[in-house]
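K.L.:
In my numbering, the protein residues as written are 16 to 188.
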């Protein structure tokens with residue numbers, strides 16, 4: 016019986032091990048661009064309108080330090096407020112950098128039809144100090160659950176977790 020259970024466990028694990036898409040795949044590249052657009056809008060250009068196009072209405076955000084936010088509008092409300100006072104000489108107080116070679120994409124299918132994807136990776140943050148210079152902040156893991164809705168990729172769930180001081184990791188970028 017033990018051998019049957021082991022064989023079945025190995026059988027179940029094989030598709031998962033092979034499910035990660037190659038970086039060169041069309042879906043991986045598309046979601047990498049969407050990830051870049053999302054974080055550019057959030058951290059570089061302060062553009063909640065663009066962010067809104069990337070989330071489902073029932074979007075859920077889970078953060079290991081900041082708690083949860085349920086619903087796209089609830090999540091974006093502070094962004095709209097913070098960005099409303101943006102001036103011409105405005106400088107974003109923080110920026111996000113994707114950790115090189117950390118992004119992975121796993122397609123989700125039902126009956127062979129692509130309906131979503133899981134995207135995971137690591138990113139680090141930099142913050143403006145009192146001299147208006149960026150300094151290293153935390154590094155963290157993230158997971159996005161993307162859903163294909165009306166031929167548009169939108170994030171339904173986002174997890175941001177394992178925040179650590181950047182000094183605790185050795186990273187290339």
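Idealized CB from N, CA, C, for every residue including glycine. Given the structure is predicted, the values throughout are model-derived calculations rather than measurements.
On a CA-only basis, which of 97, 124 and 127 is nearest residue 61? Give me that one, please.
P.N.:
97
K.L.:
Excluding the 5 residues flanking residue 65 on each side, which residues of the same chain have their C-beta closer than 6 Å to its C-beta?
P.N.:
56
K.L.:
At a threshold of 7 Å, does residue 69 count as lining the ligand ATP (C-beta to nearest heavy atom)?
P.N.:
As for the ligand ATP, it is missing from this structure, which has no ligand bound.
K.L.:
If you draw a straight line from the alpha carbon of residue 29 to that of residue 143, how long is it in whole angstroms?
P.N.:
With a pLDDT of only 41 at residue 29, under 50, the local geometry of the prediction cannot be trusted, and the value read off the model is given with reservation. Roughly 45 Å between the two C-alpha positions.
K.L.:
Can you give the Cα-Cα distance for residue 152 and residue 162, rounded to whole angstroms?
P.N.:
Near 30 Å, if we compare the C-alpha coordinates of residue 162 and residue 152.
K.L.:
Measure the alpha-carbon distance for residue 74 versus residue 87 and round it to whole angstroms.
P.N.:
5 Å
K.L.:
Taking the C-alpha atoms as reference points, what is the distance between residue 52 and residue 99?
P.N.:
20 Å
K.L.:
Which residue marks the beginning of the alpha helix (DSSP H) containing residue 47, and which one marks its end?
P.N.:
41–54
K.L.:
So, at 7 Å on beta carbons, what are the nonlocal neighbours of residue 47 in its own chain, with the 5 sequence-adjacent residues on each side left out?
P.N.:
118
K.L.:
One question on the structure: do residue 76 and residue 90 come within less than 8 Å of each other, judged by their Cβ atoms?
P.N.:
In this structure, the beta-carbon distance from residue 76 to residue 90 falls below 8 Å.
K.L.:
Rounding to the nearest angstrom, what Cα-Cα distance links residue 125 and residue 78 in this structure?
P.N.:
29 Å
K.L.:
Tell me, which residues are paired with residue 131 by DSSP?
P.N.:
When beta bridges are read from the DSSP output, residue 131 appears opposite 123 and 162.
K.L.:
Label residue 128 either buried or exposed according to how many other C-beta atoms from any shown protein chain fall within 10 Å of its C-beta, with 16 as the threshold for buried.
P.N.:
Answer is exposed; the Cβ neighbour count stays below 16.
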